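These protein sequences, in sequence, are chains A and R. The opening residue of the first sequence carries number 812 in my numbering; numbering runs sequentially from there. The opening residue of the second sequence carries number 312 in my numbering; numbering runs sequentially from there. Virtual Cβ for every residue (Gly too), placed ideally from N, Cα, C. The structure displayed is predicted, hence computed values, not measured ones.
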Amino acid sequence: AQSVTQPDIHITVSEGASLELRCNYSYGATPYLFWYVQSPGQGLQLLLKYFSGDTLVQGIKGFEAEFKRSQSSFNLRKPSVHWSDAAEYFCAVEADSNYQLIWGAGTKLIIKP
Amino acid sequence: EADIYQTPRYLVIGTGKKITLECSQTMGHDKMYWYQQDPGMELHLIHYSYGVNSTEKGDLSSESTVSRIRTEHFPLTLESARPSHTSQYLCASRWGAGELFFGEGSRLTVL
């Protein structure tokens, strides 16, 4: 069965520092890959997605993610975080064209002033 | 900007009551989903619909039911609420395999 692992429950980063959030998936072929962000009291918003092609994808708010097939990973990065980036980040995969996403447990990002 | 709306945003209710969580989208999306979200946990799919008159149960066992009589509307009903139903419920929609748009959620507390 497909699964998604986000190893870090929470991460604390200083404002202005770089960020990397990890995501690993388990699936035989290349799935569709997504990162979503959830601010407190809000629904989820799509940051970026990978379907095929260039393995480095750019998203909104200055985020990017790199698909590494050999590592079954899709890590999210940002060169310099802002206090407004404090939120929970979810990685998800979609496989088998069944229109259903499998979700990671999320990583809560805390920004230190 | 997502045009998907959930009501109520917050609900506190007693055990045994019947509740309906409303979800409406104005984007004409064919697919709609209900997820249950607890703190520190992944989203669990409880119901989905691929179009009018189509509803399926998701991976997470749920005592709720849904209906999809109109494209834009996908309500979730609990016939008899229990404290174990306390959670946040997220509604989402998409067109084909496109971006999934989420509502702001309905936080349910059952006393």
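Of the listed residues the options, nearest to residue i (C-alpha basis)
i                 : options                                   : result
Ser881 of chain A : A:Gln817, A:Asn835 and A:Leu859           : A:Asn835
His340 of chain R : R:Thr397, R:Val363, R:Gly351 and R:Thr376 : R:Val363
Ala906 of chain A : A:Ala840, A:Lys919 and A:Ala828           : A:Ala840
Val904 of chain A : A:Ile913, A:Leu857, A:Ala898 and A:Val848 : A:Ile913
Glu374 of chain R : R:Gly407, R:Trp345, R:Ile315 and R:Leu411 : R:Trp345
Ser895 of chain A : A:Ile820, A:Gln849 and A:Pro818           : A:Gln849
Gln853 of chain A : R:Ser365, R:Thr382, R:Thr388 and R:Tyr316 : R:Tyr316
Other residues of its chain near residue i: CB distance less than 6 Å, five sequence neighbours each side excluded
i                 : result
Lys342 of chain R : Tyr361 and Arg405
Phe413 of chain R : Leu401 and Ala403
Leu422 of chain R : Gly325
Leu855 of chain A : Tyr847 and Gln849
Gly870 of chain A : Leu858 and Leu859
Ser891 of chain A : Gly827
is_contact[residue i, chain R] using C-beta, thresh 7 Å
i                 : result
Trp894 of chain A : no
Leu858 of chain A : no
Gly864 of chain A : no
Leu855 of chain A : yes
Trp914 of chain A : yes
Tyr910 of chain A : yes
Beta strand (DSSP E) segment containing residue i, residue limits
i                 : result
Glu875 of chain A : Glu875 to Lys879
Cys902 of chain A : Ala898 to Glu905
Gln817 of chain A : Counting along the chain, Gln817 of chain A falls outside any beta strand (DSSP E), and DSSP gives it neither H nor E.
Arg405 of chain R : Ser398 to Arg405
Gly362 of chain R : His355 to Gly362
Tyr346 of chain R : Lys342 to Gln348
Val848 of chain A : Tyr843 to Gln849
Val868 of chain A : Leu867 to Gln869
Gln425 of chain R : The first residue shown for chain R is 312 and the last is 422, placing residue 425 of chain R beyond what the model contains.
Glu367 of chain R : Ser365 to Lys368
Val421 of chain R : Ser417 to Val421
Ser884 of chain A : Ser884 to Lys889
8 Å contact criterion, which residue i and residue j should meet: CB distance rounded
i                 : j                 : result
Lys923 of chain A : Glu826 of chain A : 7 Å
His358 of chain R : Glu367 of chain R : 7 Å
Tyr898 of chain A : Met352 of chain R : In the sequence under discussion, the amino acid at residue 898 of chain A is Ala, which differs from the Tyr named in the question. The Cβ separation is near 16 Å, so there is no contact.
Thr337 of chain R : Glu410 of chain R : Actually they do not touch by this definition, with Cβ atoms about 15 Å apart.
Gln813 of chain A : Tyr843 of chain A : No, Gln813 of chain A and Tyr843 of chain A are not in contact; Cβ-Cβ is about 11 Å, not under 8 Å.
8 Å Cβ shell around residue i - same chain, five flanking residues per side excluded
i                 : result
Ser386 of chain R : Per the sequence shown, the amino acid found at residue 386 of chain R is Pro instead of Ser. Cβ neighbours of Pro386 of chain R beyond the five flanking positions: Thr331, Leu332, Glu333, Cys334, Val377 and Ser378.
Ser863 of chain A : Thr841
Own chain, CB closer than 7 Å to residue i, minus 5 neighbours either side, in chain order
i                 : result
Asn886 of chain A : Glu831, Leu832, Arg833, Cys834, Ala876 and Glu877
Leu857 of chain A : Phe845 and Tyr847
Tyr463 of chain R : As shown, chain R starts at 312 and ends at 422. That puts residue 463 of chain R outside it, with no answer to give.
Leu867 of chain A : Glu875 and Glu877
Thr823 of chain A : Ile921 and Lys923
Lys328 of chain R : Ala392
Cutoff 7 Å: residue i Cβ touching any chain A Cβ
i                 : result
Phe385 of chain R : no
Leu354 of chain R : yes
Gly409 of chain R : no
Gly327 of chain R : no
Lys342 of chain R : yes
Gly416 of chain R : yes
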